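Written out below as C-alpha cells is the structure these notes cover.
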Amino acid sequence: GDSVTQMEGPVTLSEEAFLTINCTYTATGYPSLFWYVQYPGEGLQLLLKATKADDKGSNKGFEATYRKETTSFHLEKGSVQVSDSAVYFCALSAPPGQGAQKLVFGQGTRLTINP
Amino acid sequence: DTEVTQTPKHLVMGMTNKKSLKCEQHMGHRAMYWYKQKAKKPPELMFVYSYEKLSINESVPSRFSPECPNSSLLNLHLHALQPEDSALYLCASSLGRLGNTDSPLHFGNGTRLTVT
Chain L
1 GDSVTQMEGP VTLSEEAFLT INCTYTATGY PSLFWYVQYP GEGLQLLLKA
51 TKADDKGSNK GFEATYRKET TSFHLEKGSV QVSDSAVYFC ALSAPPGQGA
101 QKLVFGQGTR LTINP
Chain W
1 DTEVTQTPKH LVMGMTNKKS LKCEQHMGHR AMYWYKQKAK KPPELMFVYS
51 YEKLSINESV PSRFSPECPN SSLLNLHLHA LQPEDSALYL CASSLGRLGN
101 TDSPLHFGNG TRLTVT
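These protein sequences, in sequence, are chains L and W.
Quick note: the first sequence, position 43, residue 43 per the numbering used here, numbers continuous.
Quick note: the second sequence, position 102, residue 102 per the numbering used here, numbers continuous.
Here it is, written out as C-alpha cells:
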C-alpha cells in the first residue's frame with residue numbers, strides 16, 4: 001500500500017540555520033504531495049503542496065519539490081525562526097473516493113528552533 | 001483563526017457516559033473527516049463523509065458513531081469508551097469534488113478527550 005517515510009526527529013536548530021526535513025513516498029500512480037504543520041495545541045495546517053512531478057510548492061519561506069525519479073518531497077527553508085518550532089507532517093493523497101481524499105501521513109518530525 | 005470549528009475543546013468522560021463531539025464549517029466543502037491523533041503520532045483516519053453520505057469507515061469500533069446532519073455539520077457520538085480512546089479528535093473538511101486529489105484538508109483545532 002501507499003506509505004510515507006519522514007526523517008526521524010526531533011530536530012533542534014539555531015535561529016537562521018538551514019533546514020531540511022527528508023520525505024520519501026511509495027505509491028501507485030501519481031499522488032498529490034503535501035506538507036502540513038502542527039503548532040502546539042492546534043490542528044494541522046497546510047504548509048505547501050505539489051500535484052505533479054517537478055512541481056515546487058512554496059509558502060512562508062519553505063519549499064519542496066516533487067521528485068518522481070527519487071520519490072521524494074523534501075522540505076527546505078533557508079533561515080529558520082523560533083516561530084517555526086512545530087511538528088511537520090509529509091503526506092500523500094491516495095486516489096479519490098467519491099470526491100473525498102484519503103491522506104497517508106508520515107510519522108511527523110518535531111522541530112525546535114533555539115534563539 | 002481556523003475555519004473549521006470544533007466543540008468542546010476539552011472533554012472528560014467516564015466509560016459509561018454518552019457524549020458527542022461537534023464540528024462545523026461554512027466554506028461550502030462537501031467532504032468532511034474525523035481523525036484520531038495520539039500523542040507524538042500522526043493523525044489516523046476514522047471516517048469520511050462525501051456529500052453527507054458516509055464513504056469511508058476505517059474499521060472503527062461501533063462505540064464511535066458518526067453523523068452528518070447537513071453539509072456544514074459533522075458529529076461524532078461516543079458511548080462506552082475505553083481509557084485507550086483518550087486522544088485528540090480532529091475534524092477536517094475539503095472541497096470534495098469528484099476526481100479531485102489536490103484540494104487540501106482544513107483542520108479544526110480538535111477536541112482533547114480523556115476517558116476515565
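By construction, the Cβ of each residue, glycine as well, lies at the ideal position given by its N, Cα and C atoms.
As the structure is a prediction and not an experimental result, all values here were calculated from the model.
Lys-77 of chain L places its beta carbon 8 Å or farther from that of Tyr-66 of chain L. Contact between the stretch 57 to 65 of chain L and the stretch 6 to 15 of chain W is absent: fewer than three C-beta pairs spanning the two stretches fall below 8 Å.
Listed in chain order, the non-local C-beta contacts of Met-32 of chain W below 6 Å within the same chain comprise Tyr-49, Leu-74, Ser-93, local neighbours out to five positions each way being set aside. Taking the beta carbon of Ser-71 of chain W as reference, no residue of chain L falls within 8 Å; the closest one sits roughly 12 Å away. Within chain W, the residues Asp-102, Pro-104 have their CB atoms less than 9 Å from the CB of Lys-49 of chain L, given in chain order. Following the DSSP letters along the chain, one finds Tyr-25 of chain L inside the beta strand (DSSP E) bounded by residues 23 to 26. Distances from the alpha-carbon of Cys-23 of chain W to those of W:Ala-39, W:Ser-55, W:His-77 put W:His-77 closest. Within its own chain, the residues whose Cβ lies closer than 7 Å to the Cβ of Tyr-36 of chain L, once the five positions on either side in sequence are excluded, are Leu-44, Gln-45, Leu-46, Leu-47, Phe-89, Ala-91, listed in chain order. In the DSSP annotation of this structure, the continuous segment of the beta strand (DSSP E) that includes Glu-76 of chain L starts and ends at 75 to 77. The three-state secondary structure of Glu-67 of chain W, taken from DSSP, is strand. Annotation for Val-12 of chain W: the continuous beta strand (DSSP E) segment containing it runs 10 to 13. An exposed status is given to Lys-41 of chain W, since fewer than 16 other beta-carbon atoms sit within 10 Å of its beta-carbon. Contacts between Pro-42 of chain W and chain L, judged by CB atoms closer than 7 Å, involve Phe-89, Phe-105, Gly-106, Gln-107, Gly-108 in chain order.
Pairing Cys-23 of chain L with Gly-108 of chain L gives a Cβ-Cβ distance that is not under 8 Å. Here Glu-3 of chain W carries a coil assignment [DSSP, helix/strand/coil].
A direct Cα-Cα distance of roughly 23 Å separates Val-87 of chain L from Ala-27 of chain L.
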